[in-house]
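Trainee: Just so you know, the sequences run in chain order A and B.
Numbering-wise, the first sequence is residues 4 to 223 according to the numbering used here.
Numbering-wise, the second sequence is residues 4 to 223 according to the numbering used here.
What follows is a single structure, and I will ask about it in a moment.
There are 2 protein chains.
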Amino acid sequence: MATDTKDRILDAAEQLFADLGFSTTSLRDITSEAGVNLASVNYHFGSKEALLTAVLARRIAPINELRLQRLDEVERAAGSMGPAMEDILRAFIAPPFEMKAACGDGDRKFVRLLGRVHVETNEEFRTAFIDQFMTVFSRFIEASQRVLPDIEPNEITARFWFIVGAMAHTMMWAQTAGLTDTARDPNEAIESLVQFGAAGLSAPMLQPVPVRSGNTGTGR
Amino acid sequence: MATDTKDRILDAAEQLFADLGFSTTSLRDITSEAGVNLASVNYHFGSKEALLTAVLARRIAPINELRLQRLDEVERAAGSMGPAMEDILRAFIAPPFEMKAACGDGDRKFVRLLGRVHVETNEEFRTAFIDQFMTVFSRFIEASQRVLPDIEPNEITARFWFIVGAMAHTMMWAQTAGLTDTARDPNEAIESLVQFGAAGLSAPMLQPVPVRSGNTGTGR
DNA sequence: GTCTATATGCGGATAGAC
DNA sequence: GTCTATCCGCATATAGAC
Chain A
4 MATDTKDRIL DAAEQLFADL GFSTTSLRDI TSEAGVNLAS VNYHFGSKEA LLTAVLARRI
64 APINELRLQR LDEVERAAGS MGPAMEDILR AFIAPPFEMK AACGDGDRKF VRLLGRVHVE
124 TNEEFRTAFI DQFMTVFSRF IEASQRVLPD IEPNEITARF WFIVGAMAHT MMWAQTAGLT
184 DTARDPNEAI ESLVQFGAAG LSAPMLQPVP VRSGNTGTGR
Chain B
4 MATDTKDRIL DAAEQLFADL GFSTTSLRDI TSEAGVNLAS VNYHFGSKEA LLTAVLARRI
64 APINELRLQR LDEVERAAGS MGPAMEDILR AFIAPPFEMK AACGDGDRKF VRLLGRVHVE
124 TNEEFRTAFI DQFMTVFSRF IEASQRVLPD IEPNEITARF WFIVGAMAHT MMWAQTAGLT
184 DTARDPNEAI ESLVQFGAAG LSAPMLQPVP VRSGNTGTGR
């Protein structure tokens, strides 16, 4: 547990935002959980929204840096023949799941907050978060396009977006009892996502088929 | 536009909950949008939470019924040789996207609310929603297991959960400019998800590999 | 059924003593 | 830097006239 006030607030806010969401969590919740005075939040951070930004910034920058660094490694190691789609995906997916190991004592609660952020549409979250995410996202789209030249670029973007959704959903619900295997090894979750995503991204393009019940036009 | 108070409230609440989220939207927002009196919400529904339940109930039951009905059709049409995975998935994915057509004048805003509900962890949402969803979910897992006997049951569940996440994410962001192709034909989105999901679900099982940067153990 | 007026509480934020 | 006390607005919900 952190010892100084600022970190105690950050830790408590991270946990509560992850569990309850941003607007549902009050500053009083946070300060009582952290064992600090109510006024200290505004003293140290200025506002509730600024606190959220600080909570996110503490974790997100390292994650995105790690993603880009791993992507570089993967591409360099593969040389001219190009990397495997699985390795590109692993560079994208693994870092947030590895937060705990990567950040020392980083609370794994943050993983759920990250899942939540991927899904919140509030203006506050967007400005604090989406911009830098899109930079990383674009880099991975480019890398995927080189590996999958037969898939239309728009389709790759759509499919990669599906993977982001699957990842966010997994992080959101990973610790909810009764819905998923809570005791599951994080590495297994990563590998499942990687295999699933690589197969989905590589699926051959089809001619559009009419969408109606009972349709069997896709064949198999 | 609905003419009587109760429906006007439901429509406005549906739209605002979808755009802003449940806790962020006030009853004042809803009544002023609906052009009705503030007190009428409590008169007709009893509380804000009960209003949310009513908003969800109006759409969810038909969607889940349609899903199960289509799954039955697909399995019956396929006979003893079993249906294609794509057709099972389409039975699951298409109904929420088709809300507008299926419910007459149903507001397509609900699709975003549905995406949000899949992701909200609040107690209110869960009790109102998760239970009946899990029933449908289980039915589709069973059908998938019959089609994919080589994939471990736990893995099928995990992968189908990925698809739910991809679907929810897509619905959430479908109308957000700048992130996805907003003008995209819903049928195309459905087909992309179906092809992506079928390929991902069918991916062969691999031996676990150590997860580290630069890992190329997946081969290709 | 619909309105006005209001009860009651919690929210974020701040002033000012220490 | 930390605390107490408080401002002030907005939230849900309800009482009671019409």
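Cβ atoms here follow ideal geometry from the backbone N, Cα and C, with glycine treated the same way.
Remember, predicted model here, so these are calculated numbers, not experimental data.
Mind checking which residues open and close the alpha helix (DSSP H) that includes Phe199/B?
Mentor: For the purposes of this step, residue 199/B is identified with residue 196 of the second sequence, where counting begins at 1. 189-205 is the span of the alpha helix (DSSP H), which, as asked, contains Phe199/B.
Trainee: Roughly how many whole angstroms lie between the Cα atoms of Glu78/B and Asn67/A?
Mentor: Counting from 1 along the second sequence, the entry for residue 78/B is found at position 75. Counting from 1 along the first sequence, the entry for residue 67/A is found at position 64. Their Cα atoms are separated by approximately 44 angstroms.
Trainee: Could you work out which residue in Met208/A, Ala21/A, Ala81/A, Ala169/A is closest to Ile193/A when comparing CA atoms only?
Mentor: As a first step, residue 193/A must be located in the first sequence, where it is residue number 190. Here the closest residue by C-alpha is Ala169/A.
Trainee: Which residues, in chain order, does the segment 135-150 of chain B contribute to contact with chain A at a C-beta distance below 7 angstroms?
Mentor: From the segment 135-150 of chain B, no residue has a Cβ closer than 7 angstroms to chain A.
Trainee: Going by C-alpha distance, which of Glu158/A, His172/A, Leu196/A is nearest Pro207/A?
Mentor: Here residue 207/A corresponds to residue number 204 of the first sequence, with the count starting at 1. Closest option to Pro207/A, Cα to Cα, is Glu158/A.
Trainee: Give every residue of the same chain whose Cβ lies closer than 7 angstroms to the Cβ of Leu19/B, excluding the five residues on either side of it in the sequence, and list them in chain order.
Mentor: As a position in the second sequence, residue 19/B is number 16, starting the count at 1. Contacts found: Thr28, Asp32, Ile33, Glu36.
Trainee: With DSSP as the reference, label Glu78/A as helix, strand or coil.
Mentor: Looking up residue 78/A in the first sequence gives position 75. Residue state, collapsed to three classes: helix.
Trainee: Give, in chain order, every residue of the segment 166-178 of chain A whose Cβ lies closer than 8 angstroms to some Cβ of chain B.
Mentor: Residues Ile166, Val167, Gly168, Ala169, Met170, Ala171, His172, Thr173, Met175, Trp176.
Trainee: For Arg162/A, which of Ala201/B, Pro156/B, Ile154/B has the nearest alpha-carbon?
Mentor: Along the first sequence, one-based indexing puts residue 162/A at 159. The shortest Cα separation from Arg162/A among Ala201/B, Pro156/B, Ile154/B belongs to Ala201/B.
Trainee: Kindly indicate which residue of Ser50/B, Val122/B, Ala94/B, Ile144/B has the alpha-carbon position closest to the one of Asp75/B.
Mentor: Position 72 of the second sequence, counted from the start, is the residue given in the question as residue 75/B. When only C-alpha atoms are compared, the closest one is Ala94/B.
Trainee: Does the CB of Glu158/A have a neighbour CB from chain B at under 8 angstroms?
Mentor: On the first sequence, residue 158/A is found 155 positions in, with the first residue counted as 1. Taking Cβ atoms only, chain B reaches closer than 8 angstroms to Glu158/A, which makes this a yes.
Trainee: May I have the straight-line CA-CA distance separating Leu69/B from Gly82/A, to the nearest angstrom?
Mentor: One-based indexing of the second sequence puts residue 69/B at position 66. One-based indexing of the first sequence puts residue 82/A at position 79. Taking the straight line joining both Cα atoms gives about 50 angstroms.
Trainee: Work out the CA separation of Phe100/B and Pro3/B for me, nearest whole Å.
Mentor: A question about residue 3/B goes unanswered here, because the residues of chain B that appear run from 4 up to 223.
Trainee: Do Gly204/B and Met88/B have their C-beta atoms within less than 8 angstroms of each other?
Mentor: For this step, residue 204/B is matched to residue 201 along the second sequence. For this step, residue 88/B is matched to residue 85 along the second sequence. A small correction: the amino acid at residue 204/B is Leu; Gly does not occupy that position in the sequence shown. Yes, Cβ-Cβ distance for Leu204/B and Met88/B is below 8 angstroms.
Trainee: Determine, using beta carbons only, whether Thr27/A comes closer than 8 angstroms to chain B.
Mentor: Position 24 of the first sequence, counted from the first residue, corresponds to residue 27/A. So, interface residue.
Trainee: Cα-Cα, which of Leu30/B, Leu23/B, Val39/B, Glu17/B is closest to Thr8/B?
Mentor: Taking the second sequence and counting its residues from 1, the one referred to as residue 8/B is at position 5. Residue Val39/B is the option with its Cα nearest to Thr8/B.
Trainee: In the DSSP assignment, the alpha helix (DSSP H) including Pro99/A goes from what residue to what residue?
Mentor: The residue you call residue 99/A lines up with position 96 of the first sequence. Run containing Pro99/A: 88-100, per the alpha helix (DSSP H) assignment.
Trainee: To the nearest angstrom, how far is the alpha carbon of Trp164/B from that of Leu13/B?
Mentor: Position 161 of the second sequence, counted from the start, is the residue given in the question as residue 164/B. Position 10 of the second sequence, counted from the start, is the residue given in the question as residue 13/B. Taking the straight line joining both Cα atoms gives about 30 angstroms.
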